[in-house]
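What follows is a single structure, written as structure tokens, with notes after it.
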Ligand SMILES: [Zn+2]
């Protein structure tokens, strides 16, 4: 799935992941390389990098990001 450019700065965005030691699980989200805007994090049962960033969680994160990319008036949070 294609990741749209950042709705805030037009920069390139890509998938990132975090490991939560608290919940012992991975979270995947799309983050802008330029302004650090990011999508909602999605729980991932597998380490996203190990599955080549291709699982439902990655798709969900990209979809969420792409929706926001269409919404020009969206305000940056965090
Ligand atoms: Zn940006």
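Numbering (our numbering), first residue to last: 645 to 722.
Every residue, glycine too, gets a C-beta built ideally from N, C-alpha and C.
Notebook entry, point to check: What number of angstroms, rounded off, separates the C-alpha of residue 670 from the C-alpha of residue 700?
Noted result: On the chain shown, residue 670 is found 26 positions in, with the first residue counted as 1. On the chain shown, residue 700 is found 56 positions in, with the first residue counted as 1. Straight-line Cα distance between these residues: approximately 13 angstroms.
Next item on the list: Below 6 angstroms CB to CB, which residues in the same chain sit around residue 648 once its five sequence neighbours on both sides are set aside?
Entry: Residue numbering aside, residue 648 sits at position 4 when the chain shown is read from its first letter. Excluding residues within five positions, the ones whose Cβ falls inside 6 angstroms are 710, 713.
Next item on the list: Compute the minimum distance between the beta carbon of residue 678 and the heavy atoms of ligand 1, and state whether it is under 7 angstroms.
Entry: On the chain shown, position 34 is the one that residue 678 refers to. Yes, the Cβ of residue 678 comes within 7 angstroms of a heavy atom of ligand 1.
Margin query: Pop quiz: residue 659 and residue 692 are said to be a contact at Cβ under 8 angstroms. What is the actual Cβ separation, rounded to whole angstroms?
Written below: In the chain shown, the residue the question calls residue 659 occupies position 15. In the chain shown, the residue the question calls residue 692 occupies position 48. At roughly 7 angstroms, the Cβ-Cβ gap stays under 8 angstroms, so residue 659 and residue 692 are in contact.
Note to self: What does the alpha-carbon distance come out to for the pair residue 703 and residue 655?
What the structure shows: As a first step, residue 703 must be located in the chain shown, where it is residue number 59. As a first step, residue 655 must be located in the chain shown, where it is residue number 11. Going by the C-alpha atoms only, they are around 20 angstroms apart.
Check: Any heavy atom of ligand 1 closer than 7 angstroms to the CB of residue 673?
Finding: Translated into the one-based positions of the chain shown, residue 673 becomes position 29. Answer for residue 673: no, Cβ out of range of ligand 1.
Checklist line | Straight-line gap, residue 675 to residue 657 (C-alpha atoms, nearest Å) | finding: Mapped onto the chain shown, residue 675 falls at position 31. Mapped onto the chain shown, residue 657 falls at position 13. Rounded to the nearest angstrom, the two C-alpha atoms are 5 angstroms apart.
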